[in-house]
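**Student:** The sequence shown runs 1 to 558 under the UniProt record's numbering.
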Amino acid sequence: MENSVASLHAVESEEVRPYKIHVSSKYLDLTKKKLELTRLPHEVLLPREREWELGTPKSEIEPLIDFWLEHYTWRQRETHLNTTLPQYRTALSLPTTPPSPPLRIHFLYLKSPHKHALPLLLIPTFPLTNLSLTPLFAPLTSPTSPTSTQPFTLIVPSLPGLGFSDAFQTSATSSSSLENTAALCDALMKRLGYSYYLASATGSGVESPAGIDYHLLRILGDKYRDSCLGVHVVEPCVKAPTLRERPGEWMRFAVARFLHGNMFGYEKADFRALKAEETRAREQKSRSKSRSRRLLGGSSVGDEERPLAGGGQRQRRPGSGHRAIGILGLREPNTFAYALCDSPVGLLSLVLSALRRRSPNHMLTHTEIIDVTQLAWLPGPEAGARFWAAALEEVEGWENSSVSGTGGESVGGKAERKAKSNVAVTVFSADGCDGPSYVCPAWASAHHTILFSQRAPGRPGIAPWESVDVLIEGIRALAREVERIDPRLRIRALEEIVVFEEPIIEADVEDESERERESVDYSAWSGEGEEEEEGGEGHGMQLDVESPDTVVAVDMRR
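What follows is the structure, given as structure tokens:
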């Protein structure tokens, strides 16, 4: 993409506005009516252990529909979110021809009470919103031992079209959704006064649709390396080196694998995981051949062997979490959107299926599942579907340009970058568990400078809930290594940014004890919230003060 994307700039009339969620009562009433009028499909009778093979079973979705109707109260959840999470919105413009309207980006700004906290841009795993990452907030902003454990000040945006962030409205902006989203994120950090910062993914790139969870962080680290000093990626979408494409790296990989030793960035755990993966692949291939012979020979196939759509684990190439796109119709996101925009139950079914694929034994409560569904239902799921489809096209374009040799800064392009981005890499399945294809951290060295790597057992699951400690370790290790080589990270932010003549972002206070007294109760962020009266008229959409004096404008055209 042209360098004009990097010229994303602040418009003088734009402000950083405090935001309160307030959903129209008419829309909530409509949601209730649609839930009441739902017609569920007839099901094929399957044994209990195989009921997920055709998708979300009725036995799973019916209790959740009843819970949504009879026990779930959005006003209670809305009040809880508004009282426990510091929310803001700001409008950012992209330089497009013809000009596109500014996008209002919804973000959380979670200030650490500790002076030595570092700025961290936390990207929600697609398609979750920033409001779904609450288990990460308290450990990162207020660690139990802040003198020995690095704290962070968090900026957590929702991606365009998700949650309460505006969606891309024109083909000029949506066709390069990943590049433009990275530009928006960098501009947001600079508008808040952070010239230098770190960024982290919160989900697996391999399991992410179109590899969004990896590629967005990759672009931030590559195109904005003068401000984004390092990124933490989880299971990056990288491949093993080949003799033809990267002979030097292939030779190092071959030697390390032959000797089964810790060298060239590889560890013994890498080769154990790869061997376990190869064994599973051979067994699966053998079972498939046996099944084919029985079918050709006219033998009947028992229920335990019948190949139903979606059954069983499949080995996938890195970044192939989007493989279901063709089945679901996301090549035509508008067609797909008509079904989801009119059916909260249809959207709930998709959420349940996605959660099942990520973590078959997840322990999310009914409230947490409906929260995720509601936050996709309220703004409309069509924007997320379009973002997904556009990202898929964008990534495929990079891959095609790499094959043809025309890639510039694209993924895997032939033209080398001037410098590689600094990354910390976290991978899972180091114990050889049955999951997505294993990714050796050293494979990422073709695209990044690897400052730190860690290998975790098991699957990442729904990482913001189930792999909190692993994510936090990767983030802190990144900060430790970047600080060691780049002193810019400790430079203080702008003194303050003012909204409505009230300081909302302060660079310093008198001392540590005063900062701690002014901090919010972080433990409330992941709670269920108290039942409160519905009243209250103030919310972000109604704030109406206009004053250019209340904004710190950032000129990005340099």
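For every residue, glycine included, the Cβ atom is placed at its ideal position computed from N, Cα and C.
How many Å lie between serine 461 and arginine 484 at the Cα?
**Tutor:** Translated into the one-based positions of the sequence shown, residue 461 becomes position 461. Translated into the one-based positions of the sequence shown, residue 484 becomes position 484. The sequence as given places glycine at residue 461; serine does not occur at that position. Approximately 32 Å, taken between the alpha carbons.
**Student:** Mapping the DSSP letters down to three states, classify glycine 193 as helix, strand or coil.
**Tutor:** As a first step, residue 193 is located in the sequence shown; it is residue number 193 there, counting from the start. DSSP places glycine 193 in coil when its eight states are reduced to three.
**Student:** Helix, strand or coil for glycine 298 per DSSP?
**Tutor:** Start at 1 with the first residue of the sequence shown, and residue 298 comes out as number 298. Note that glycine 298 scores a pLDDT of 47, beneath 50, so its modelled location is shaky; the value from the coordinates is reported in the next line. Three-state result, glycine 298: coil.
**Student:** If you pair each beta-carbon of the region 232-241 with each one of the region 205-213, do three or more pairs fall below 8 Å?
**Tutor:** yes
**Student:** Among Gly248, Val44 and Arg272, whose alpha-carbon lies nearest the alpha-carbon of leucine 259?
**Tutor:** Taking the first residue of the sequence shown as position 1, residue 259 is located at position 259. Cα-wise, what sits closest to leucine 259 is Arg272.
**Student:** Can you look up histidine 448 in the DSSP assignment and give me helix, strand or coil?
**Tutor:** Taking the sequence shown and counting its residues from 1, one reaches residue 448 at position 448. The three-state reading of DSSP puts histidine 448 in strand, counting E and B together.
**Student:** Helix, strand or coil, according to DSSP, for proline 157 in the structure here?
**Tutor:** Residue mapping note: residue 157 aligns to position 157 of the sequence shown, counting from 1. Proline 157 falls in the strand class under three-state DSSP.
**Student:** If I'm right that serine 349 touches threonine 56 with Cβ under 8 Å, what's the distance once you round it to whole angstroms?
**Tutor:** What you label residue 349 is simply residue 349 of the sequence shown in a count that begins at 1. What you label residue 56 is simply residue 56 of the sequence shown in a count that begins at 1. Right, their Cβ atoms sit about 4 Å apart.
**Student:** Where in the region 319-385 do unbroken runs of the alpha helix (DSSP H), each at least 4 residues long, occur, reported from the N-terminal end onward?
**Tutor:** 325-328, 333-341, 344-358 and 366-377
**Student:** Give me the DSSP bridge partner(s) of alanine 91.
**Tutor:** Within the sequence shown, residue 91 is the residue found at index 91, counting from 1. DSSP output for alanine 91 lists Arg104 as bridge partner(s).
**Student:** Nearest CA to the CA of proline 379: which residue from Arg252, Leu355 and Cys341?
**Tutor:** The sequence position of residue 379 within the sequence shown is 379, counting from 1. If we check each option's Cα against that of proline 379, Cys341 comes out closest.
**Student:** Rounded to a whole number of angstroms, what is the C-alpha to C-alpha distance between leucine 347 and valine 44?
**Tutor:** Against the sequence shown, residue 347 aligns to sequence position 347. Against the sequence shown, residue 44 aligns to sequence position 44. Leucine 347 and valine 44: Cα-Cα distance of roughly 21 Å.
**Student:** In three-state terms, what does DSSP make of leucine 64?
**Tutor:** Your numbering for residue 64 matches position 64 in the sequence shown. Looking at leucine 64 - three-state DSSP - the assignment turns out to be helix.
**Student:** If you reduce the DSSP assignment to three classes, tell me which class histidine 22 lands in.
**Tutor:** Within the sequence shown, the letter at position 22 stands for residue 22. Coil, per DSSP.
**Student:** Can you tell me which of the three DSSP states asparagine 422 falls into?
**Tutor:** Along the sequence shown, read from residue 1 onward, the residue named residue 422 stands at position 422. Strand.
**Student:** What is the DSSP secondary structure of proline 247, reduced to helix, strand or coil?
**Tutor:** The residue you call residue 247 lines up with position 247 of the sequence shown. Helix at proline 247.
**Student:** How is leucine 37 classed by DSSP in three states: helix, strand or coil?
**Tutor:** As a working mapping, residue 37 is identified with position 37 in the sequence shown. Leucine 37: coil per DSSP, three-state reduction.
**Student:** Report the three-state DSSP secondary structure of valine 255 (helix, strand or coil).
**Tutor:** For the purposes of this step, residue 255 is taken as the residue at position 255 of the sequence shown. Helix.
**Student:** Name the residue from Glu51, Lys20, Asp66 and Val23 whose alpha carbon lies nearest to the alpha carbon of lysine 34.
**Tutor:** Numbered from 1 along the sequence shown, position 34 holds the residue referred to as residue 34. Per the Cα distances, Asp66.
**Student:** Cβ-heavy atom distance between glutamate 396 and the ligand GTP below 8 Å?
**Tutor:** For the structure depicted, the ligand GTP is absent and the ligand set is empty, with no information on it obtainable.
**Student:** Tell me, which residues are paired with aspartate 122 by DSSP?
**Tutor:** Here residue 122 refers to the residue found at position 122 when the sequence shown is read from its first residue. It is leucine, not aspartate, that sits at residue 122 in the sequence shown. Answer is Ser200.
**Student:** Quick test of your reading: threonine 202 and alanine 444, contact by CB under 8 Å. State the CB separation rounded to the nearest angstrom.
**Tutor:** By one-based count along the sequence shown, residue 202 stands at place 202. By one-based count along the sequence shown, residue 444 stands at place 444. That pair is no contact at about 18 Å.
**Student:** Looking at the unbroken beta strand (DSSP E) that takes in histidine 232, where does it start and where does it end?
**Tutor:** What you label residue 232 is simply residue 232 of the sequence shown in a count that begins at 1. 228-234 is the extent of the beta strand (DSSP E) around histidine 232.
**Student:** Less than 9 Å between the beta carbons of leucine 108 and asparagine 82, yes or no?
**Tutor:** For the purposes of this step, residue 108 is taken as the residue at position 108 of the sequence shown. For the purposes of this step, residue 82 is taken as the residue at position 82 of the sequence shown. No, they are not a contact pair.
**Student:** For the alpha helix (DSSP H) that contains tryptophan 52, what are its first and last residues?
**Tutor:** Residue 52 sits at position 52 when you count from the first residue of the sequence shown. Here tryptophan 52 belongs to no alpha helix (DSSP H), and DSSP marks it neither H nor E.
**Student:** Which residues share a DSSP beta bridge with arginine 17?
**Tutor:** For this step, residue 17 is matched to residue 17 along the sequence shown. In the DSSP output, where bridge partners are listed per residue, arginine 17 has Arg89.
**Student:** Using only alpha-carbon positions, find the residue among Arg75, Thr90 and Arg282 that is nearest to isoleucine 105.
**Tutor:** Working through the sequence shown from its first residue, we reach residue 105 at position 105. Ranking Arg75, Thr90 and Arg282 by Cα distance to isoleucine 105 puts Thr90 first.
**Student:** Please report the residue range of the alpha helix (DSSP H) in which threonine 134 lies.
**Tutor:** Taking the sequence shown and counting its residues from 1, the one referred to as residue 134 is at position 134. Per DSSP, threonine 134 belongs to the alpha helix (DSSP H) from 134-141.
**Student:** Which value, in whole angstroms, describes the spacing of the CA atoms of alanine 269 and tryptophan 398?
**Tutor:** What you label residue 269 is simply residue 269 of the sequence shown in a count that begins at 1. What you label residue 398 is simply residue 398 of the sequence shown in a count that begins at 1. Each residue's Cα considered, the two are about 31 Å apart.
**Student:** Where does residue 560 fall in DSSP's three states?
**Tutor:** Residue numbering for the chain in the displayed model covers 1 to 558; residue 560 lies beyond these limits and cannot be assessed.
**Student:** Once the 5 residues before and after valine 411 are set aside, which same chain residues still bring their CB inside 6 Å of it?
**Tutor:** For the purposes of this step, residue 411 is taken as the residue at position 411 of the sequence shown. Because the pLDDT at valine 411 is just 47, under 50, the model does not fix this residue reliably, and the point stays unresolved.
**Student:** Quick check: the region 366-379 against the region 70-78, are there 3 or more CB pairs under 8 Å?
**Tutor:** yes
**Student:** From glycine 163 to serine 59, what does the alpha carbon distance come to, in whole angstroms?
**Tutor:** Translated into positions along the sequence shown, residue 163 becomes position 163. Translated into positions along the sequence shown, residue 59 becomes position 59. One C-alpha to the other measures close to 28 Å.
**Student:** Are the beta-carbon atoms belonging to threonine 426 and valine 233 less than 9 Å from one another?
**Tutor:** In the sequence shown, the residue the question calls residue 426 occupies position 426. In the sequence shown, the residue the question calls residue 233 occupies position 233. Result yes, Cβ atoms of threonine 426 and valine 233 sit closer than 9 Å.
**Student:** Put tyrosine 214 into one of helix, strand or coil per three-state DSSP.
**Tutor:** If you number the sequence shown from 1, residue 214 lands on position 214. It is helical.
**Student:** Report the residue from Ser204, Asp213, Glu473 and Thr279 whose alpha carbon sits nearest the alpha carbon of tryptophan 388.
**Tutor:** Position 388 of the sequence shown holds residue 388. Tryptophan 388 has its Cα closest to that of Asp213, out of Ser204, Asp213, Glu473 and Thr279.
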